[in-house]
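K.L.:
What follows is a single structure, and I will ask about it in a moment.
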Amino acid sequence: MAAIEIPVAGGHQADSHGDPDAMYLTASRGIRSWLTTLDHKRIGLMYLTMVSIAFFAGGMFALLLRIELFSRGKTIVDAETYNRFFTLHGAIMVFLFIIPSVPGALGNFFLPIMIGAKDVAFPRLNLLSFYIYLVGASLALTSIVMGAVDTGWTFYTPYSMQTMNSVISMTFGAFVLGFSSILTGLNFLVTVHTMRAPGVTWSRMPLFVWGMYATSLMQVLATPVLAITLLLLIAERFFGIGIFDPKLGGDPVLFQHFFWFYSHPAVYIMIVPGMAIVSELIATFSRRAIFGQFAIAMSSIGLALLGFLVWGHHLFAAGMSEFVTMLFSALTMLVAIPSGVKIFNWTATIYKGSVVWASPMLYAMGFIFLFSIGGLTGLFLGTLSVDIHLTDTYFVVAHFHYVMMGGTVIAMLGGLLYWWPKMTGKMHDERKAKLGFIFVFVGFNVTFGSQFIMGSRGMPRRYYDYLPQFEPFHRASTIGSWILAVGLFITAYTLLEALWNGKKAPRNPWGSAGYEWMTDTPPCLANFHSTPVITRGPYDYHLATPEELATGWDEVTAEADSAAKKK
Amino acid sequence: MTEDLMANVTETAPAGAAHDEHAHARPSFLAHHFDTPAQQFYAAKLGMWVFIATEILMFGGLFCAYAIWRGMEPDLFDLAHHFLNKTMGATNTVVLLFSSLTAALAVRSAQLGHRNQTSVLLVVTILCACAFLVIKYFEYTHKFHLGLLPGHCFGHPWFSGAIQNGEEVGTCVRVHADSTPGSPLWVRAVDESGHTRLLPPRANMFFGLYFVMTGLHALHVVIGMSILGWVLYRNVKGQFSKEYFTAVDLGALYWHLVDLVWIYLFPLLYLVGKPE
Chain H
40 MAAIEIPVAG GHQADSHGDP DAMYLTASRG IRSWLTTLDH KRIGLMYLTM
90 VSIAFFAGGM FALLLRIELF SRGKTIVDAE TYNRFFTLHG AIMVFLFIIP
140 SVPGALGNFF LPIMIGAKDV AFPRLNLLSF YIYLVGASLA LTSIVMGAVD
190 TGWTFYTPYS MQTMNSVISM TFGAFVLGFS SILTGLNFLV TVHTMRAPGV
240 TWSRMPLFVW GMYATSLMQV LATPVLAITL LLLIAERFFG IGIFDPKLGG
290 DPVLFQHFFW FYSHPAVYIM IVPGMAIVSE LIATFSRRAI FGQFAIAMSS
340 IGLALLGFLV WGHHLFAAGM SEFVTMLFSA LTMLVAIPSG VKIFNWTATI
390 YKGSVVWASP MLYAMGFIFL FSIGGLTGLF LGTLSVDIHL TDTYFVVAHF
440 HYVMMGGTVI AMLGGLLYWW PKMTGKMHDE RKAKLGFIFV FVGFNVTFGS
490 QFIMGSRGMP RRYYDYLPQF EPFHRASTIG SWILAVGLFI TAYTLLEALW
540 NGKKAPRNPW GSAGYEWMTD TPPCLANFHS TPVITRGPYD YHLATPEELA
590 TGWDEVTAEA DSAAKKK
Chain C
10 MTEDLMANVT ETAPAGAAHD EHAHARPSFL AHHFDTPAQQ FYAAKLGMWV
60 FIATEILMFG GLFCAYAIWR GMEPDLFDLA HHFLNKTMGA TNTVVLLFSS
110 LTAALAVRSA QLGHRNQTSV LLVVTILCAC AFLVIKYFEY THKFHLGLLP
160 GHCFGHPWFS GAIQNGEEVG TCVRVHADST PGSPLWVRAV DESGHTRLLP
210 PRANMFFGLY FVMTGLHALH VVIGMSILGW VLYRNVKGQF SKEYFTAVDL
260 GALYWHLVDL VWIYLFPLLY LVGKPE
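Sequences listed follow chains H and C, in order.
Counting in my numbering, the first sequence runs from 40 upward without gaps.
Counting in my numbering, the second sequence runs from 10 upward without gaps.
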């Protein structure tokens, strides 16, 4: 024993940010402690709040769009306003919600815990990335005051050079948001490389961390290209440098190449975190080691790398040589391999597992179903001959939403329900959560399933008006969007209700073998009372002791009983 | 519930070891979430390398655009590059290379704990950066006077200014390709080696790339100067030692990136001519 006495509970020194062994929500108090916090868990919660607000705003625009399309001609807004609405829906959902959503909220909260670290490698940079996000979001939203943008979220030239000046504030906002994204990615990369606790080898690293690692790689390597693209667009608008203007010798298709060089990896920045969550859910609720852990980890990296080679498939109809289109088409097909590896390994894990039908598992199953549809229709679009017919139709819209909403958003909801007890210390009502899932799942399929049919029959995307034969599909889609909205409200209510009405959550309510469940619920400020030394993998149910897998419900009930007796 | 279940799980590090770790006083520069100074240093260094990767990709977009246009218009690039001053460009290259040397020497003297020497070397580096910007300023103003500006501004008499009797008077002459008003301007001007050359309107693309690439680089020079200035401030305050010199190391690393980008910009823009 050393001569210096240290507190029994742990080996940390208290500093200005509070006692490291105190629960993170109460370790320090007051609004200032939140605004200046360096704790990755609090920053994760602040991100969660902001992306939820962004999701709500983007969702409202989506509902308005669907109402407008309920009947032909003008329903509630005119064509100009409609263009602004779909641009805002897209830009808010992509730049303000989905890109920062899983890394910013769940990644920030759980990545350090899952590798046994006290915090991310650069806590100040982490807080800075959150504030940069706020600045970027404000800049993007000032464009609404300045007359909103009507270019679509892709800001294609030459239209984006001719339309209103609010394009500048919107693109500058996206530019700034990119910095926030780069900083988060950089932080995670370094954290994974340098902060793993003893025993967390690369092969033992949880698949959520692997997914975040692949995502960070893409954020770091792709986002700078968006930055330069948007800078050039802004320079084009301010100084008319002509780089995208054919009159001055420039090329508008170059913008599309630049834009998609970022934005194709960006769609993987959006979906890979969803897959990362689902890997955790499937393992926990199948109660067995995940099948092909190494293959799933490598498929995330594979997606990250392939994501950089396929941007050209967004330009099949924009003017490229035949040879290049064939090349990009073939490369696009390759994406199906890592995606398929994941799907098959997940289903192989469920096979003969002891499946527990908790609400997060329902979302995981929903993810597999919806992402399979979204992924396979992606192959339709990657096939040259078919794509010529489907380019810029609702088929593309439906494909994109099946992957992004049916994939990432569903996975994120599942992840929130799964980790909510750990984050807040409160259990949600499973009945309401399952009811919410049914509404979300049915509503989603009605909304976007009908769009597949419309698109394959030639309904172009972004059109304000349509031919009579599309009316039934548009109506079905609009009604589906209401069902979906009801489901999302039920789920949001379930999560919020848990905060004031929920039962106290035990340490490991789902009986998972994952590392994050081995610490307190909610975690203490330093995540673990002393640096853990890991001796088994996060999915090694056969090596985990009964105490580790114990759900802890007995203790919680006993505590509640004794509390009741005292009264 | 309060005890740490990780202890069961996985056998925590032996209690004695944990105590020993804390028996040694943690150095004041070691942040709370790192276990050792080495871990903190490697994390910081890796972070800077990753950041440098992002910078290279950002410039990569511009180099890509450059490659496309030079491939499409090799003759135009040859013609337009005569208007870049090779002497000034070469001087700036030497200035930056020298500043990179002093930055590297500053890291070494920081590692050896020679505080004053580090300060002197950092000051020299920052002065070199200033010299670079001053030379760049003269280059830019000369382009402005000739009307060699990007895009719509190409041939615009903003800075050379005077218009007499509807004819512009300046160091260059603007020529209309045909007599229709509003037709694109050609620019006839004297290049850096004294030849009078006629530049077609499409030459604006070259100057567009020139200004965007060197402008973004100059911005990085300014950022690099601020970083080195901050490192200098901390060094003067005595915050670095043989054990802790991370900021000096990283600041110099960033400065090498700024240098490296210029090493590519200089030949690609100034030295692309065909043998005459």
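Backbone N, C-alpha and C define an ideal beta-carbon position, used for all residues, glycine too.
Predicted, not measured: the structure shown is a model, and the values here were computed from it.
Alpha carbon to alpha carbon, how far is C/Val129 from H/Met153?
P.N.:
Along the second sequence, read from residue 1 onward, the residue named residue 129 of chain C stands at position 120. Along the first sequence, read from residue 1 onward, the residue named residue 153 of chain H stands at position 114. When rounded, the distance between both Cα atoms is 45 Å.
K.L.:
Quick check: is the beta carbon of H/Thr422 nearer than 8 Å to any beta carbon in chain C?
P.N.:
As a first step, residue 422 of chain H must be located in the first sequence, where it is residue number 383. Not one chain C Cβ lies under 8 Å of H/Thr422.
K.L.:
Does the distance from the CB of H/Arg500 to the CB of H/Tyr433 come in under 8 Å?
P.N.:
Sequence index remark: in the first sequence, residue 500 of chain H carries index 461 (1-based). Sequence index remark: in the first sequence, residue 433 of chain H carries index 394 (1-based). For H/Arg500 and H/Tyr433, yes; Cβs fall inside 8 Å.
K.L.:
For H/Met62, list the residues DSSP reports as bridge partners.
P.N.:
As a position in the first sequence, residue 62 of chain H is number 23, starting the count at 1. DSSP lists H/Cys563 as partners of H/Met62.
K.L.:
Please check if any C-beta of chain H sits within less than 8 Å of the C-beta of C/Tyr219.
P.N.:
Reading the second sequence from its first residue, position 210 is the one you call residue 219 of chain C. Closer than 8 Å: no.
K.L.:
Could you tell me whether the region 221-240 of chain H touches the region 34-54 of chain C, using the rule of 3 or more Cβ pairs below 8 Å?
P.N.:
Yes, they touch.
K.L.:
Consider the C-beta atom of H/Ala130 and the heavy atoms of the ligand ATP; say whether any pair is separated by less than 7 Å.
P.N.:
The model depicted lacks the ligand ATP and carries no ligand whatsoever.
K.L.:
Under 8 Å Cβ-Cβ, which residues of chain C neighbour H/Asp158?
P.N.:
To locate residue 158 of chain H, count along the first sequence from 1; it is residue 119. Per Cβ cutoff of 8 Å: His41 and His42.
K.L.:
Does chain H have any CB closer than 8 Å to the CB of C/Thr63?
P.N.:
Mapped onto the second sequence, residue 63 of chain C falls at position 54. Chain H contact via Cβ: present.
K.L.:
With distances taken from CA atoms, which of C/Leu121, C/Thr102 and C/Thr96 is nearest C/Phe249?
P.N.:
In the second sequence, counting from the first residue as 1, residue 249 of chain C sits at position 240. C/Phe249 has its Cα closest to that of C/Leu121, out of C/Leu121, C/Thr102 and C/Thr96.
K.L.:
For H/Asn575, which of helix, strand or coil comes out of DSSP?
P.N.:
Here residue 575 of chain H refers to the residue found at position 536 of the first sequence. According to the sequence shown, residue 575 of chain H is Arg rather than Asn. Coil.
K.L.:
Mapping the DSSP letters down to three states, classify C/Pro83 as helix, strand or coil.
P.N.:
What you label residue 83 of chain C is simply residue 74 of the second sequence in a count that begins at 1. The answer is helix: DSSP assigns C/Pro83 an H, G or I state.
K.L.:
Cα separation between C/Gly56 and H/Ser255?
P.N.:
If you number the second sequence from 1, residue 56 of chain C lands on position 47. If you number the first sequence from 1, residue 255 of chain H lands on position 216. Each residue's alpha carbon lies about 12 Å from the other.
K.L.:
Counting pairs of Cβ atoms below 8 Å between the region 321-334 of chain H and the region 389-401 of chain H, do you hit three or more?
P.N.:
Yes, they touch.
K.L.:
Following the continuous alpha helix (DSSP H) through C/Ala99, name the residue where it begins and the one where it ends.
P.N.:
To locate residue 99 of chain C, count along the second sequence from 1; it is residue 90. C/Ala99 -> alpha helix (DSSP H) spans Lys95 to Gln120.
K.L.:
Whole angstroms are fine: how far does the CA of H/Lys286 sit from the CA of H/Met451?
P.N.:
Here residue 451 of chain H refers to the residue found at position 412 of the first sequence. Here residue 286 of chain H refers to the residue found at position 247 of the first sequence. Between H/Met451 and H/Lys286, the C-alpha separation is close to 46 Å.
K.L.:
Let me know if H/Tyr457 comes out buried or exposed under the rule of 16 or more other beta-carbons within 10 Å of its beta-carbon.
P.N.:
In the first sequence, residue 457 of chain H corresponds to position 418, counting from 1. With 16 or more other Cβ atoms within 10 Å, it is buried.
K.L.:
Using the C-alpha atoms, what's the distance from C/Gly160 back to H/Ile282?
P.N.:
Taking the first residue of the first sequence as position 1, residue 282 of chain H is located at position 243. Taking the first residue of the second sequence as position 1, residue 160 of chain C is located at position 151. Using only the alpha carbons, I get a separation of about 8 Å.
K.L.:
Which residues mark the beginning and the end of the beta strand (DSSP E) in which C/Leu240 is found?
P.N.:
What you label residue 240 of chain C is simply residue 231 of the second sequence in a count that begins at 1. It should be noted that the sequence gives Val, not Leu, for residue 240 of chain C. Where C/Val240 is concerned, there is no enclosing beta strand (DSSP E), although the alpha helix (DSSP H) it sits in stretches over Asn213 to Val245.
K.L.:
Would you mind stating whether C/Leu131 and C/Val221 have Cβ atoms separated by less than 8 Å?
P.N.:
Walking along the second sequence from the start, residue 131 of chain C turns up at place 122. Walking along the second sequence from the start, residue 221 of chain C turns up at place 212. Not closer than 8 Å, so no.
K.L.:
Quick check: the region 547-562 of chain H against the region 460-468 of chain H, are at least 3 beta-carbon pairs closer than 8 Å?
P.N.:
Touching, yes, given that three or more Cβ pairs across the two stretches are closer than 8 Å.
K.L.:
Using a Cβ cut-off of 7 Å, which residues of the region 292-305 of chain H contact any Cβ in chain C, in chain order?
P.N.:
Flagged, chain order: Leu293 and Phe297.
K.L.:
Where does H/Trp458 sit, in a helix, a strand or coil, going by DSSP?
P.N.:
Start at 1 with the first residue of the first sequence, and residue 458 of chain H comes out as number 419. Helix.
K.L.:
Just the chain C side, please: which residues come within less than 8 Å of H/Ile308 by C-beta, in chain order?
P.N.:
By 1-based counting over the first sequence, the position of residue 308 of chain H is 269. By Cβ distance, chain C contributes nothing, its closest Cβ being about 14 Å from H/Ile308, past 8 Å.
K.L.:
Tell me, please, whether the CB atom of C/His161 is closer than 8 Å to any CB atom in chain H?
P.N.:
Reading the second sequence from its first residue, position 152 is the one you call residue 161 of chain C. Yes, C/His161 lies at the interface with chain H (some Cβ there is under 8 Å from its Cβ).
K.L.:
Considering only residues of the same chain and omitting the five flanking positions on each side of H/Ala334, which have a CB-CB separation below 7 Å?
P.N.:
Counting from one through the first sequence, the residue named residue 334 of chain H turns up at place 295. Here the set comprises Val380 and Asn384.
K.L.:
In terms of DSSP beta bridges, what is C/Thr205 paired with?
P.N.:
Position 196 of the second sequence, counted from the first residue, corresponds to residue 205 of chain C. C/Val199.
K.L.:
How far does the alpha helix (DSSP H) with H/Ser360 in it extend, from its first residue to its last?
P.N.:
Against the first sequence, residue 360 of chain H aligns to sequence position 321. Per DSSP, H/Ser360 belongs to no alpha helix (DSSP H) and is neither H nor E.
K.L.:
Pick helix, strand or coil for H/Thr584, following the three-state DSSP scheme.
P.N.:
Residue numbering aside, residue 584 of chain H sits at position 545 when the first sequence is read from its first letter. Three-state DSSP puts H/Thr584 in coil, outside helix and strand.
K.L.:
Using 8 Å as the threshold, is the C-beta distance between H/Gly519 and H/Thr486 below it?
P.N.:
Along the first sequence, read from residue 1 onward, the residue named residue 519 of chain H stands at position 480. Along the first sequence, read from residue 1 onward, the residue named residue 486 of chain H stands at position 447. Yes. Within cutoff.
K.L.:
Just curious, the alpha helix (DSSP H) that H/Ser110 is in, first and last residue?
P.N.:
Indexing the first sequence from 1 puts residue 110 of chain H at position 71. Unbroken run through H/Ser110: none, as it is neither H nor E.
K.L.:
Between H/Phe94 and H/Phe136, how many whole angstroms is the CB-CB distance? I'm expecting something under 8 Å.
P.N.:
In the first sequence, residue 94 of chain H corresponds to position 55, counting from 1. In the first sequence, residue 136 of chain H corresponds to position 97, counting from 1. Yes, H/Phe94 and H/Phe136 are in contact; Cβ-Cβ is about 5 Å, under 8 Å.
K.L.:
Please give the ranges of any alpha helix (DSSP H) in the region 119-165 of chain C, keeping only runs that are unbroken, at least 4 residues long and fully inside the region.
P.N.:
With a minimum length of 4 residues, the continuous alpha helix (DSSP H) runs that stay inside the region 119-165 of chain C are 124-155.
K.L.:
For the region 234-246 of chain C, list every residue whose C-beta sits within 9 Å of some C-beta in chain H, in sequence order.
P.N.:
Correct list: empty, as no residue qualifies.
K.L.:
So H/His128 is in the alpha helix (DSSP H); what residue range does that whole segment cover?
P.N.:
Residue mapping note: residue 128 of chain H aligns to position 89 of the first sequence, counting from 1. Element bounds for H/His128: Ala118 to Ala130.
K.L.:
Note down the Cα distance separating H/Ala130 from C/Ile272, rounded to an integer number of angstroms.
P.N.:
Position 91 of the first sequence, counting from 1, holds the residue named residue 130 of chain H. Position 263 of the second sequence, counting from 1, holds the residue named residue 272 of chain C. For H/Ala130 and C/Ile272, the distance between alpha carbons rounds to 38 Å.
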